[in-house]
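J.:
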Amino acid sequence: MFSIDTYQRRRAALRETADSGVALFLGHRESPFNYAANCYPFRQDSSFLYFFGLNEPDLAAIIDFDEGREYLFGNDITIDDIVWMGEQPSIAAKAASVGIGESFPYATLPDMLGKIRQSGRTIHFLPPYRGETSIDLFRLLGIHPDEQKEKASVALIKAVVRLRSVKEEQEIAQIERALETTCLMHTYVMRHARAGMAEQELTDAIERIALSNGGTVSFPVILSINGQTLHNHRHDNTLQNGHLLLTDAGAETAAGYAGDITRTVPVSGRFDERQRTVYEIVLQANQKVAETCRPEVPFLEVHLAAARIIADGLIRMGLMKGKADDAVDAGAHVLFFPHGIGHMMGLDVHDMESLGEQYTGYGDDIQRSRRFGLSNLRMGRRLKEGFVVTDEPGIYFIPALIDQWEGERKFRDFINYEALKPFRNFGGIRIEDDLLITGEGCRVLGKTIPKTVDEIENTMRHE
Ligand code: GLY
Ligand code: MN
1368 MFSIDTYQRR RAALRETADS GVALFLGHRE SPFNYAANCY PFRQDSSFLY
1418 FFGLNEPDLA AIIDFDEGRE YLFGNDITID DIVWMGEQPS IAAKAASVGI
1468 GESFPYATLP DMLGKIRQSG RTIHFLPPYR GETSIDLFRL LGIHPDEQKE
1518 KASVALIKAV VRLRSVKEEQ EIAQIERALE TTCLMHTYVM RHARAGMAEQ
1568 ELTDAIERIA LSNGGTVSFP VILSINGQTL HNHRHDNTLQ NGHLLLTDAG
1618 AETAAGYAGD ITRTVPVSGR FDERQRTVYE IVLQANQKVA ETCRPEVPFL
1668 EVHLAAARII ADGLIRMGLM KGKADDAVDA GAHVLFFPHG IGHMMGLDVH
1718 DMESLGEQYT GYGDDIQRSR RFGLSNLRMG RRLKEGFVVT DEPGIYFIPA
1768 LIDQWEGERK FRDFINYEAL KPFRNFGGIR IEDDLLITGE GCRVLGKTIP
1818 KTVDEIENTM RHE
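The working numbering puts the first residue of the sequence shown at 1368, with every later residue one more than the last.
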């Protein structure tokens, strides 16, 4: 948790930018995985954490924009709770610890919201993404879960996105702490990956590193020799020499801040010639992103710059043909690079994605493109100083997608389907860093994690 002052300042900033009415913030409930008392590890909602800092279940808060008052709702624990879970501060003490002077039992929340509604004032809320929160919103505001996303407050979403997008120095420090652990996770994989090993062994080991460094993983580990599957959470393969191993994994600090790094390494410790050629193209695209990111540049342009490098490299390899610019304009590179160049990162690994891509990833001046290849980009908006974004180009050989496109005779002017045949078992390469947008450009956050061919091979040097 940060200082009281941090949470007071953030709420004051929200009050200044927001509309009239009140904002209702629902913290998370416990989420059971097989019976009520046996729950998934608790994770607080990130906007609740951002404004109220309290990382525990069954809390709610109201910020009254008209009267400038703030209330925390939660229950003092009973003797039964003390027997099972130990002592805890009172709800009043918890409220005071984040600078809130007025706290009430949770059961009084419906009554207060009822009075606010009767007085005709607006109750702003953020779009829910968990079933438990939807049920609470239904009970408290009478809005059916099917209508909650559409009835969520655009004014509140925009105000929250404006604040959370620009990271404070202490937030950057948290992200760098997450990246310190993330670096240990990735260097572990480089040092220990060996032919004959199960993917699961490495997955378990890097989850343990995240936990033993005081946090957890910021998303389920992606670690696979089938790196062409973008989010591959299966870990049931055995590593063989000749395979590439893609690891997309990050730690989350106890305060909730994420790291998100991808490295792709050869199981044998040495890239073969073909792997090295493709790797160098992805690396060049990754470096191009870092050279291009600076305030006011649309992330869409950054994505396109990386896509051109990828298309150009694949043309040089003979896998694509024509001009890189034309291929990217047409969207032909999407066969190899079917995702966006990155996303915001902070308290969520895809920061604020639950608030809606049209607000976090785009703005009033840059809308999501309908063009093939750009229509599924998560983020295209102009960068600003203080944003943290990922830089994650990749080249993938996805047999089912190649077959589909070839069957549809798609982009035959740009894709050399014949030359692709020997690449069906190649897998995929992604390289991902986390960037802080600075006044002049950007800075790669965290410790250096081996990334060039030489750095990776030297780290993996097998005796
Ligand atoms: N690291 C997972 C993702 O960016 O989607
Ligand atoms: Mn990512």
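Each residue gets a CB set at the ideal place from its N, CA and C atoms; glycine is no exception.
#1: Can you tell me which of Thr1757, Thr1554, Arg1396 puts its alpha carbon nearest to the alpha carbon of Gln1654?
#2: Do you know how far the Cα of Val1533 is from the Cα of His1670?
#3: If you scan the segment 1398-1477 from start to end, which runs of the beta strand (DSSP E) of 3 or more residues do you find wholly inside it?
#4: Gly1435: buried (16+ other C-beta within 10 angstroms of its C-beta) or exposed?
#5: How about Val1634: is its C-beta nearer than 8 Å to some C-beta of chain D?
#6: With distances taken Cα to Cα, identify the nearest neighbour of Ser1470 among Ala1428, His1598, Lys1482.
#7: Please report how far the alpha carbon of Val1584 lies from the alpha carbon of Lys1525, in whole angstroms.
#8: Does any heavy atom of ligand 2 sit closer than 7 Å to the C-beta of Lys1627?
#9: Enumerate in chain order the residues of its own chain whose CB-to-CB distance from Leu1464 is below 8 Å, with the five nearest sequence positions on each side excluded.
#10: Please report the distance separating the alpha-carbon of Phe1440 from that of Leu1476.
#11: Quick one: grab the DSSP three-state call for Tyr1838.
#12: Is the beta carbon of Ala1786 closer than 8 Å to that of Gly1707?
#13: Using a Cβ distance threshold of 8 Å, determine whether the segment 1761-1779 contacts the segment 1548-1562, with at least three qualifying pairs required.
#14: So, at 6 Å on beta carbons, what are the nonlocal neighbours of Ala1390 in its own chain, with the 5 sequence-adjacent residues on each side left out?
#15: Could you pull out every unbroken alpha helix (DSSP H) segment of at least 4 residues lying fully inside the segment 1605-1671, listed in chain order?
#16: For the beta strand (DSSP E) containing His1491, name the first residue and the last one.
#17: Any contact between the segment 1443-1452 and the segment 1408-1420? By contact I mean 3 or more CB pairs, one from each, below 8 Å.
#18: Below 8 Å, can you find three or more Cβ-Cβ pairs linking the segment 1789-1799 to the segment 1748-1755?
#19: Measuring only the C-alpha atoms, how far is Arg1575 from Gly1617?
#20: Quick one, which of Leu1667, Glu1536, His1598, Gln1651 has its alpha-carbon nearest Thr1819's?
#21: Since Asp1591 sits in a beta bridge, which residues does DSSP pair it with?
#22: Taking the runs of the alpha helix (DSSP H) that are 4 residues or longer, which of them lie wholly in the segment 1497-1564?
#23: Would you kindly report the start and end of the unbroken beta strand (DSSP E) that includes Asp1801?
#24: Quick one: give me the first and last residue of the alpha helix (DSSP H) that Leu1768 is part of.
#25: Run through DSSP, which three-state label would Ile1762 get?
#26: Is His1610 near ligand 1, going by C-beta to nearest heavy atom under 7 Å?
#27: At the level of alpha carbons, what is the spacing between Met1581 and Gln1541?
#28: Using 8 Å as the threshold, is the segment 1632-1645 in touch with the segment 1661-1668, meaning 3 or more CB pairs across them?
#29: So, is Arg1531 buried or exposed, given that buried needs 16 or more other C-beta atoms within 10 angstroms?
#30: Following the continuous alpha helix (DSSP H) through Arg1378, name the residue where it begins and the one where it ends.
#31: Cβ of Glu1799 within 7 Å of any heavy atom in ligand 2?
#32: Can you look up Met1719 in the DSSP assignment and give me helix, strand or coil?
#33: My understanding is that Pro1760 touches Phe1703, with C-beta atoms under 8 Å, so please give their C-beta distance in whole angstroms.
T.: Judging by the given coordinates:
#1: With distances taken between CA atoms, Gln1654 lies nearest to Thr1757 out of Thr1757, Thr1554, Arg1396.
#2: Answer to the nearest angstrom: the Cα atoms are 21 Å apart.
#3: 1399-1402, 1427-1431, 1436-1440, 1469-1471
#4: With a threshold of 16 other beta carbon atoms within 10 Å, Gly1435 falls short and is exposed.
#5: The structure shown contains no chain D, having only a single protein chain.
#6: Considering only Ala1428, His1598, Lys1482, the residue with the shortest C-alpha distance to Ser1470 is Ala1428.
#7: Here the C-alpha atom of Val1584 lies approximately 28 Å from the C-alpha atom of Lys1525.
#8: The residue asked about is misnamed: residue 1627 is Asp in this sequence, not Lys. Yes, the beta carbon of Asp1627 sits closer than 7 Å to at least one heavy atom of ligand 2.
#9: The residue asked about is misnamed: residue 1464 is Ser in this sequence, not Leu. Result list for Ser1464: Met1368, Ile1371, Gly1420, Leu1421, Pro1456, in chain order.
#10: 7 Å
#11: Residue 1838 lies beyond the range of the chain shown here (1368 to 1830); nothing can be said about it.
#12: no
#13: no
#14: Ile1430, His1491, Leu1523
#15: 1640-1659
#16: 1490-1492
#17: no
#18: no
#19: 12 Å
#20: Gln1651
#21: The amino acid occupying residue 1591 in the given sequence is Ser; Asp does not appear at that position. Beta-bridge pairing links Ser1591 to Leu1613.
#22: 1498-1508, 1512-1518, 1521-1532, 1536-1559
#23: 1800-1804
#24: 1766-1774
#25: strand
#26: In terms of side-chain proximity, the C-beta atom of His1610 is found no nearer than 7 Å to any non-hydrogen atom of ligand 1.
#27: The identity of residue 1581 in the sequence shown is Gly, whereas the question assumes Met. Distance between the alpha carbons of Gly1581 and Gln1541: 12 Å.
#28: no
#29: buried
#30: 1371-1384
#31: The nearest non-hydrogen atom of ligand 2 is less than 7 Å from the C-beta of Glu1799.
#32: Coil.
#33: Not a contact, Cβ separation roughly 10 Å.
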